[in-house]
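Colleague: My questions all concern the structure below.
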Amino acid sequence: MFVLKDKSDVPLYIQLYQQFREQILNGDLKPGSKLPSSRKLCSDLHISRNTVEIAYHQLYSEGYLISKPRSGYYVEKLDLSYIHGTKEVFYNKPTLPDNSDSLIQYDFKYGKLNESELPMTQWRKLTNKCIKNFSRQMTSYGPTFGEIDLREEILKYLHYYRGVECTLDQIFIGAGVNYCLGMLCQLIKDITTTIAMEEPGHHITRRTLENHGFNVKPISLDSSGLNVTELNSTNTKAVHVTPSHQYPLGIIMPISRRLELIEWAIKNNSIIIEDDYSCHLRYNTKPVQSLQSLCSDRVVYIGSFSKFLFPTLRLSYMIIPKCMLNKFTVMFEGYPPSVPFIIQKTLELFMKEGHWESYLRKTNRMQKKKHDALVESLKRMFGDKISIYGMNAGLHILVQVKENVSERELIERAHEVGVKVYPTSKFWKYPENSLKGTVMLGFGGIKLDEINPAVKLLYKAWTNNNVD
Numbered sequence: 006m007f008v009l010k011d012k013s014d015v016p017l018y019i020q021l022y023q024q025f026r027e028q029i030l031n032g033d034l035k036p037g038s039k040l041p042s043s044r045k046l047c048s049d050l051h052i053s054r055n056t057v058e059i060a061y062h063q064l065y066s067e068g069y070l071i072s073k074p075r076s077g078y079y080v081e082k083l084d085l086s087y088i089h090g091t092k093e094v095f096y097n098k099p100t101l102p103d104n105s106d107s108l109i110q111y112d113f114k115y116g117k118l119n120e121s122e123l124p125m126t127q128w129r130k131l132t133n134k135c136i137k138n139f140s141r142q143m144t145s146y147g148p149t150f151g152e153i154d155l156r157e158e159i160l161k162y163l164h165y166y167r168g169v170e171c172t173l174d175q176i177f178i179g180a181g182v183n184y185c186l187g188m189l190c191q192l193i194k195d196i197t198t199t200i201a202m203e204e205p206g207h208h209i210t211r212r213t214l215e216n217h218g219f220n221v222k223p224i225s226l227d228s229s230g231l232n233v234t235e236l237n238s239t240n241t242k243a244v245h246v247t248p249s250h251q252y253p254l255g256i257i258m259p260i261s262r263r264l265e266l267i268e269w270a271i272k273n274n275s276i277i278i279e280d281d282y283s284c285h286l287r288y289n290t291k292p293v294q295s296l297q298s299l300c301s302d303r304v305v306y307i308g309s310f311s312k313f314l315f316p317t318l319r320l321s322y323m324i325i326p327k328c329m330l331n332k333f334t335v336m337f338e339g340y341p342p343s344v345p346f347i348i349q350k351t352l353e354l355f356m357k358e359g360h361w362e363s364y365l366r367k368t369n370r371m372q373k374k375k376h377d378a379l380v381e382s383l384k385r386m387f388g389d390k391i392s393i394y395g396m397n398a399g400l401h402i403l404v405q406v407k408e409n410v411s412e413r414e415l416i417e418r419a420h421e422v423g424v425k426v427y428p429t430s431k432f433w434k435y436p437e438n439s440l441k442g443t444v445m446l447g448f449g450g451i452k453l454d455e456i457n458p459a460v461k462l463l464y465k466a467w468t469n470n471n472v473d
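Residues in the sequence shown are numbered consecutively from 6, following our numbering.
Structure representation (structure tokens):
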């Protein structure tokens, strides 16, 4: 039976085609079944014969029907067992919406920024300016390495603020840190099959490396960061580090350890991948120069605008050592840029007109206030019942509750009082070695005046006591 709606926005022939197609896929019309003649069907449905013919022809052209001369259309023999099995799974096991987060008052999610603190007005104006003044450049693909004017702005910024030593042609712009890391993986796959990485370290970074076929060798940390003695015992030719603010523990690698790491790279003809993810945000400590500034020939430097400007911007940059530049250029010659021109051009103007530096100063002040308020509130309420890791930079801290309680229980207790905190065990390749009873609190997306009441609820949840 067919139900056609005259007043629908969908043409009648499409409605008829869709209903026939569904009956074939559902098995209601068996293989070999003969379809009604167009003359009979148009009479039964009170539609034109042309409508029926168009629907039949579409089904025939897509392979659902076969045509027999002087006989008509028949259902093709199709193996639909896989489709039927898939549908059964979908229909019998519906996914129900998770409304549990509707009760959350305060969300300490890392990687989230507060909308009221972002430069929405300037960004909107500059985007409109780009659309108006640079429409011609939007009609064709740009250079593989990214727009040259944006790379010039990045070069000036990195040289002045991070001490990075490079030339314009070494800067590659990519759609996020993991995109850049993926390109690098393709570049070095014939050099090594193993990449060393801090333990703990970012789980997405580890997954990216593993997805590109590398064996990730975890290297333990001490008070100075990655253990170079342990690194020396491996046969890897590459290591990934976050020396300016180790993720997630927040260790700042001192100059003595940096020099050890560089010595390892030179002696073993190896490379260091420096992820400078938190270089923009530092509180109560002086900025630390990049590792790349000490040894530009051995360090691949990766940084990002996404984490501190707009997470959905997906714009990062990679500084490729000169010794690897020719190989990189040949390997990816002709690749279209991964970041749209309009985003690159808007960011270029944002930097050129001084908005970027102004925003950095403003956001540093705001995030410092939130960081200090969160740390002060936790220490005041919990005292020596907790340990705090990762302070004085970035947009998160780790909180370890010294009571014998699991990570999962801390998260569930917090959830019950309307506060969302996040696990840390995923940062260890071997979670059994993780810090027990430890959760992550990201403060980028929470408002300053929400921090104290949120911590009060955490105190209530984790100690079964109230705070006056």
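Using N, Cα and C, we set each Cβ at its ideal position, and we do this for glycine too.
1) Within a Cβ cutoff of 8 Å, which residues of the same chain sit near V94, ignoring the five residues on either side of it in sequence?
2) Alpha carbons only, please: which of K194, Y364 and T144 is nearest the one belonging to M336?
3) Give every residue of the same chain whose Cβ lies closer than 6 Å to the Cβ of Y61, excluding the five residues on either side of it in the sequence, and list them in chain order.
4) Quick check: the Cα distance between T100 and R366, rounded to an integer number of angstroms?
5) Buried or exposed, going by whether 16 or more other CB atoms sit within 10 Å of the CB of Q372?
6) Rounding to the nearest angstrom, what Cα-Cα distance links T126 and S392 in this structure?
7) Please report the residue range of the beta strand (DSSP E) in which D280 lies.
8) Take the Cβ of G449 as the centre, count every other Cβ of all protein chains shown within 10 Å, and call the residue buried at 16 or more, exposed below.
9) By the DSSP assignment, the beta strand (DSSP E) with H245 in it spans what residues?
10) Given this structure, state the Cα-to-Cα distance separating Q349 from Q23, to the nearest angstrom.
11) Which value, in whole angstroms, describes the spacing of the CA atoms of S295 and D14?
12) Judging by CA-CA distance, which residue of I257, D389 and E414 is the nearest neighbour of K407?
13) Which of the three DSSP states is assigned to F475 in this structure?
14) Please classify D281: is it buried, with 16 or more other beta-carbons within 10 angstroms of its beta-carbon, or exposed?
15) Evaluate Q20 with the Cβ neighbour count: other Cβ atoms within 10 Å of its Cβ, from every protein chain shown; 16 or more gives buried, anything less gives exposed.
16) Step through the CB atoms of chain C and report whether any lies within less than 9 Å of the CB of G151.
17) Which value, in whole angstroms, describes the spacing of the CA atoms of G399 and T247?
18) Return the residue from the list D302, V422 and R156 that minimises the CA-CA distance to N469.
19) If you check the beta carbons only, do R303 and S261 fall under 9 Å apart?
20) Measuring straight from C-alpha to C-alpha, what distance separates T176 and M188?
21) With a CB to CB cut of under 6 Å and the five nearest residues on each side skipped, what residues in its chain are close to K242?
22) With respect to the alpha helix (DSSP H) encompassing H51, which residues constitute its N-terminal and C-terminal limits?
23) State the DSSP-derived secondary structure class of E353, mapped to helix, strand or coil.
24) I224: beta carbon under 8 Å from a heavy atom of the ligand GTP?
25) Going by DSSP, name the residue or residues bridged to Q405.
26) Can you give me the C-alpha to C-alpha distance between P436 and K461, rounded to a whole angstrom?
27) The beta strand (DSSP E) spanning T199 covers which residue range?
28) Do you know offhand how far G395's Cα is from V380's?
29) Quick one: what does DSSP say D154 is sitting in, helix, strand or coil?
30) Check whether the Cβ atoms of W269 and V244 sit closer than 9 Å, and answer yes or no.
31) Among K431, S48 and M356, which residue has its Cα nearest to the Cα of F310?
32) Note down the Cα distance separating R156 from M323, rounded to an integer number of angstroms.
33) Which residue wins for smallest C-alpha separation from V233, given the options G218, K272 and T210?
34) So, at 8 Å on beta carbons, what are the nonlocal neighbours of C300 in its own chain, with the 5 sequence-adjacent residues on each side left out?
35) Confirm, please, whether the CB-CB distance from N438 to E204 is below 9 Å.
Modeller: Concretely, from the data shown:
1) Against the sequence shown, residue 94 aligns to sequence position 89. Because the pLDDT of V94 is 46, which lies under 50, any placement of that residue in the model is unreliable, and the question is left without a value.
2) Taking the sequence shown and counting its residues from 1, one reaches residue 336 at position 331. It is K194.
3) Within the sequence shown, numbered from 1, the residue matching residue 61 stands at position 56. The answer, listed in chain order, is Y78.
4) As a working mapping, residue 100 is identified with position 95 in the sequence shown. As a working mapping, residue 366 is identified with position 361 in the sequence shown. Residue placement at T100 cannot be trusted, given a pLDDT of 46 that sits under 50; what the coordinates show is reported in the next sentence. Rounded to whole angstroms, T100 to R366 spans 45 Å at the Cα level.
5) Numbered from 1 along the sequence shown, position 367 holds the residue referred to as residue 372. Looking at its Cβ environment, which holds 16 or more other Cβ atoms inside 10 Å, Q372 is buried.
6) Locating residue 126 in the sequence shown gives position 121, counting from the first residue. Locating residue 392 in the sequence shown gives position 387, counting from the first residue. Near 40 Å, if we compare the C-alpha coordinates of S392 and T126.
7) Indexing the sequence shown from 1 puts residue 280 at position 275. Taken as a continuous stretch (DSSP letters only), the beta strand (DSSP E) holding D280 covers I276 to D280.
8) Counted from its first residue, the sequence shown places residue 449 at position 444. By the 10 Å Cβ count, G449 comes out buried.
9) Residue mapping note: residue 245 aligns to position 240 of the sequence shown, counting from 1. It spans A243 to V246 - the beta strand (DSSP E) in which H245 sits, taken as one unbroken run.
10) Locating residue 349 in the sequence shown gives position 344, where the first residue counts as 1. Locating residue 23 in the sequence shown gives position 18, where the first residue counts as 1. Answer to the nearest angstrom: the Cα atoms are 43 Å apart.
11) The count along the sequence shown starts at 1 and reaches residue 295 at position 290. The count along the sequence shown starts at 1 and reaches residue 14 at position 9. Cα to Cα, S295 sits roughly 60 Å from D14.
12) What you label residue 407 is simply residue 402 of the sequence shown in a count that begins at 1. Considering only alpha carbons, the answer is D389.
13) Not covered by the structure: residue 475. The range shown for the chain is 6 to 473.
14) Against the sequence shown, residue 281 aligns to sequence position 276. Classification of D281: buried, given that the 10 Å Cβ count is 16 or more.
15) Position 15 of the sequence shown, counted from the first residue, corresponds to residue 20. Per the 10 Å Cβ criterion, buried.
16) This model lacks chain C altogether; it includes just one protein chain.
17) Residue 399 sits at position 394 when you count from the first residue of the sequence shown. Residue 247 sits at position 242 when you count from the first residue of the sequence shown. In a straight line, the C-alpha of G399 is about 12 Å away from that of T247.
18) Here residue 469 corresponds to residue number 464 of the sequence shown, with the count starting at 1. Out of D302, V422 and R156, V422 has the C-alpha closest to the C-alpha of N469.
19) What you label residue 303 is simply residue 298 of the sequence shown in a count that begins at 1. What you label residue 261 is simply residue 256 of the sequence shown in a count that begins at 1. Going by C-beta atoms, R303 is not nearer than 9 Å to S261.
20) What you label residue 176 is simply residue 171 of the sequence shown in a count that begins at 1. What you label residue 188 is simply residue 183 of the sequence shown in a count that begins at 1. Before going further, note that residue 176 is Ile rather than Thr in the sequence given. I176 and M188: Cα-Cα distance of roughly 13 Å.
21) Within the sequence shown, the letter at position 237 stands for residue 242. Once the five neighbours on either side are set aside, the close Cβ partners of K242 are I196, T197 and S275.
22) Start at 1 with the first residue of the sequence shown, and residue 51 comes out as number 46. From DSSP, H51 is part of no alpha helix (DSSP H); its letter is neither H nor E.
23) Your numbering for residue 353 matches position 348 in the sequence shown. In the structure shown, E353 sits in a helix (DSSP, three-state: H, G or I).
24) With respect to the ligand GTP, the structure shown offers nothing to examine, as it has no ligands at all.
25) The residue given as residue 405 occupies position 400 in the sequence shown. S392 and T443.
26) For the purposes of this step, residue 436 is taken as residue 431 along the sequence shown, with counting starting at 1. For the purposes of this step, residue 461 is taken as residue 456 along the sequence shown, with counting starting at 1. C-alpha separation (whole angstroms): 29 Å.
27) Numbered from 1 along the sequence shown, position 194 holds the residue referred to as residue 199. DSSP places T199 in the uninterrupted beta strand (DSSP E) bounded by T199 to E204.
28) Locating residue 395 in the sequence shown gives position 390, counting from the first residue. Locating residue 380 in the sequence shown gives position 375, counting from the first residue. Rounded to whole angstroms, G395 to V380 spans 11 Å at the Cα level.
29) Numbered from its first residue, the sequence shown carries residue 154 at position 149. Residue state, collapsed to three classes: helix.
30) The sequence position of residue 269 within the sequence shown is 264, counting from 1. The sequence position of residue 244 within the sequence shown is 239, counting from 1. Yes, Cβ-Cβ distance for W269 and V244 is below 9 Å.
31) If you number the sequence shown from 1, residue 310 lands on position 305. The shortest Cα separation from F310 among K431, S48 and M356 belongs to M356.
32) Here residue 156 is taken as the residue at index 151 of the sequence shown, counted from 1. Here residue 323 is taken as the residue at index 318 of the sequence shown, counted from 1. Going by the C-alpha atoms only, they are around 11 Å apart.
33) Within the sequence shown, numbered from 1, the residue matching residue 233 stands at position 228. For the residues G218, K272 and T210, the minimum Cα distance to V233 belongs to K272.
34) For the purposes of this step, residue 300 is taken as the residue at position 295 of the sequence shown. Contacts found: I267, A270, I271 and I277.
35) On the sequence shown, position 199 is the one that residue 204 refers to. On the sequence shown, position 433 is the one that residue 438 refers to. The answer is yes: Cβ separation under 9 Å.
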